[in-house]
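Residue numbers (this note's numbering), protein chains in the order written: chain A, 39 to 313; chain B, 39 to 313.
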């Protein structure tokens, strides 16, 4: 990605609820950047948003779609909690941690400079106790376009972009976006060679939660079947992998983020490789 | 500032505790930017940090220096509250509001890309009930250097930088910095023609709080005397004005931020003009 003479561009996504060791990720990322590799970090922050919302008396509510995907119900109050927890705390702490490790990190969200534009979900079907319900006041969105110019500019300045999952909607409004899908779209936009999705399991498991049932490789043609096998948030990672490959990314690795050197381990062959 | 053929560069600072009307500032800023003017917005967020800290069970504590300046006591817990309230909420909401007004806003703090570097105050003298005390666990800092490259790059991309008052310390740590002083240093770094400090009074008052005692003009040589007259946070604005003028800024205007069109009003002659 990034510079035309460099084909090993790397986008790494770390989740907020999945037991990923942020310190280990930052240490590994710093070592990789010092070796000359360009890297973009994309993060979630659901656990922080849940904790902050709960502490402030507005605990999270979740929406389950008819096809079984789960997402955070983001009314206006929740959006502002999300801004504080994800754009304020997680993004700022990751940037600070990387700075402390000798990397020049740069925190931003997709609404800054409107480089990630999303369409607000104005009517979301939700299934509650078997009944369908329509939700109309949600501030979440589906990414329409990613303009990577600012990422290229930051990489040229020697920075590691640290991306929070907020995008800009059609009316200028901030929208909560799925961090796995955001990472996939970013990887496609910068033509990354590799997208790594770090999570709290060793990769896609054929028989969740049996970690011995790790699927080591997947072909793009096997992804529709993999979506069926995947449980919970893993479904979105498979969708993200599909989007990234469709967008020209060389390979997607879903790997364990709970261990030391999680990025290097993934690059060395651990996890589920999709290519 | 910014481009060599443009001498009307403008930096505007809005406070967090002073009754400034953020919506009115954004509307005025958007109109000014649409007219072709380049603008950088710097904000505080003390009121939000106080409200959030209080809601989370860690109400703010303030330090009064022997010379009478007041600042927030920023231990590690308070620093993270500050990140959430100021970098997370205020910065993200201002960026969202400007985006909604048709401006391409870009939120960032001084630690992003390490463009604002500060020295941590490792031993702060505090006066409590007439007694001096030394505070050693504070995460606030005094700005050492401002590298305006990222601001120039954003302005070239047609963005309005929206700057949160966090800087990077020597060890990479995030530091709370004074927003008035930050605005002054930013204005000097970009060689702004005008720095406007918007606040909850019409300007420097000879007899605070008598608003009829507004001082309309000040020469740089009168600033030491003005510091003596100034009450509370106005002292830091006068210090900021001095720093900005010393750094080559054409003029500093301390003006009323509670009214409609606060920026245009200041530029038309309202407030205290210092030049």
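All C-beta atoms in this analysis are idealised placements derived from N, C-alpha and C, irrespective of residue type, glycine included.
Computed from a predicted structure; not experimentally measured.
If the cut is a Cβ gap below 8 Å, which residues of chain A does residue 73 of chain B touch? Residues of chain A passing the Cβ test: none, with the nearest at roughly 19 Å.
Below 8 Å on C-beta distance, what does residue 138 of chain B contact in chain A? 209, 210, 211
List the whole-angstrom C-beta distance separating residue 281 of chain A from residue 223 of chain A, where the pair is believed to meet the contact cut-off of C-beta under 8 Å. 7 Å
Taking the CB atoms as reference points, tell me whether residue 165 of chain B and residue 71 of chain B lie closer together than 8 Å. no
DSSP three-state call for residue 72 of chain B: helix, strand or coil? helix
Thinking C-beta only, is residue 82 of chain A closer than 8 Å to residue 279 of chain A? no
Say whether chain A places a C-beta atom closer than 8 Å to the C-beta of residue 60 of chain B. It does not; no Cβ of chain A falls within 8 Å.
Which residues, in chain order, does the region 141 to 161 of chain A contribute to contact with chain B at a C-beta distance below 8 Å? 142, 143, 144, 145, 146, 147, 149, 150, 151, 152
Quick check on this structure: which residue in A:156, A:159, A:273 has the alpha carbon closest to the alpha carbon of residue 105 of chain A? A:273
Residues in the region 172 to 196 of chain A having any Cβ partner in chain B nearer than 9 Å: 187, 188, 191, 192, 195, 196
C-beta contact flag for residue 313 of chain A and residue 288 of chain A at 8 Å: yes
Taking the continuous alpha helix (DSSP H) assigned at residue 278 of chain A, which residues delimit it? 272 to 284
What separation, rounded to the nearest whole angstrom, lies between the Cα atoms of residue 240 of chain A and residue 48 of chain A? Distance between the alpha carbons of residue 240 of chain A and residue 48 of chain A is about 19 Å.
Could you tell me if residue 151 of chain B is buried or exposed, where buried requires 16 or more neighbouring beta carbons within 10 angstroms of its beta carbon? Under the 10 Å beta carbon count, residue 151 of chain B is surrounded by 16 or more other beta carbons and is classified as buried.
Check the Cβ of residue 206 of chain A against every Cβ in chain B and list those closer than 7 Å, keeping chain order. Per Cβ cutoff of 7 Å: 137.
Shorter than 8 Å from the beta carbon of residue 89 of chain B to some beta carbon of chain A? The Cβ of residue 89 of chain B sits no closer than 8 Å to any Cβ of chain A.
Is there at least one Cβ from chain B nearer than 8 Å to residue 272 of chain A's Cβ? no
Within the chosen definition, does the region 184 to 191 of chain A reach the region 145 to 162 of chain A through at least 3 CB pairs nearer than 8 Å? yes
Please work out which residues of its chain come closer than 8 Å, Cβ to Cβ, to residue 227 of chain A, disregarding the five sequence neighbours upstream and downstream, and give them in chain order. 184, 185, 186, 189, 285
Where does residue 199 of chain A sit, in a helix, a strand or coil, going by DSSP? strand
Quick one: give me the first and last residue of the beta strand (DSSP E) that residue 166 of chain A is part of. 162 to 166
Contact set between the region 99 to 123 of chain B and chain A, restricted to residues whose Cβ is under 8 Å from the partner: Per Cβ criterion, the list reads 118, 121, 122, 123.
Could you name the residues of the same chain whose beta carbon sits closer than 7 Å to that of residue 42 of chain A, not counting the 5 residues immediately before and after it, in chain order? Any reading at residue 42 of chain A needs caution, since the residue's pLDDT is 43, under 50, leaving its predicted position unreliable; the model's value is listed next. Correct list: empty, nothing qualifies.
Give the secondary structure of residue 60 of chain B by DSSP, where H, G and I count as helix, E and B as strand, and everything else as coil. helix
Around the Cβ of residue 170 of chain A, are there at least 16 other Cβ atoms within 10 angstroms (buried) or fewer (exposed)? exposed
Whether residue 80 of chain B touches residue 198 of chain B by CB criterion (8 Å): For the pair residue 80 of chain B and residue 198 of chain B, the CB atoms are not nearer than the 8 Å cut-off.
Please list, in chain order, the chain B residues whose beta carbon lies closer than 9 Å to that of residue 94 of chain A. 90, 93, 94
Exposed or buried, what is residue 120 of chain B when buried is set at 16 or more other beta-carbons lying within 10 Å of its beta-carbon? buried
Which value, in whole angstroms, describes the spacing of the CA atoms of residue 267 of chain A and residue 243 of chain A? Going from the Cα of residue 267 of chain A to the Cα of residue 243 of chain A covers about 8 Å.
Can you list, in chain order, the residues of its chain with a C-beta nearer than 6 Å to that of residue 299 of chain B? Leave out the 5 residues immediately preceding and following it. 66
Just curious, the beta strand (DSSP E) that residue 145 of chain B is in, first and last residue? Here the beta strand (DSSP E) through residue 145 of chain B covers 142 to 147.
Output yes if chain B places a C-beta closer than 8 Å to the C-beta of residue 126 of chain A; else output no. yes
Whether residue 112 of chain B touches residue 177 of chain B by CB criterion (8 Å): yes
Taking just the CA atoms, how far does residue 277 of chain B sit from residue 173 of chain B? 23 Å
Which residue wins for smallest C-alpha separation from residue 207 of chain A, given the options A:283, A:308, A:191, A:160? Of A:283, A:308, A:191, A:160, the residue nearest in Cα terms is A:160.
Compare the beta carbon distance of residue 68 of chain A and residue 139 of chain A with 8 Å and say whether it is the shorter of the two. In contact: residue 68 of chain A and residue 139 of chain A (Cβ atoms closer than 8 Å).
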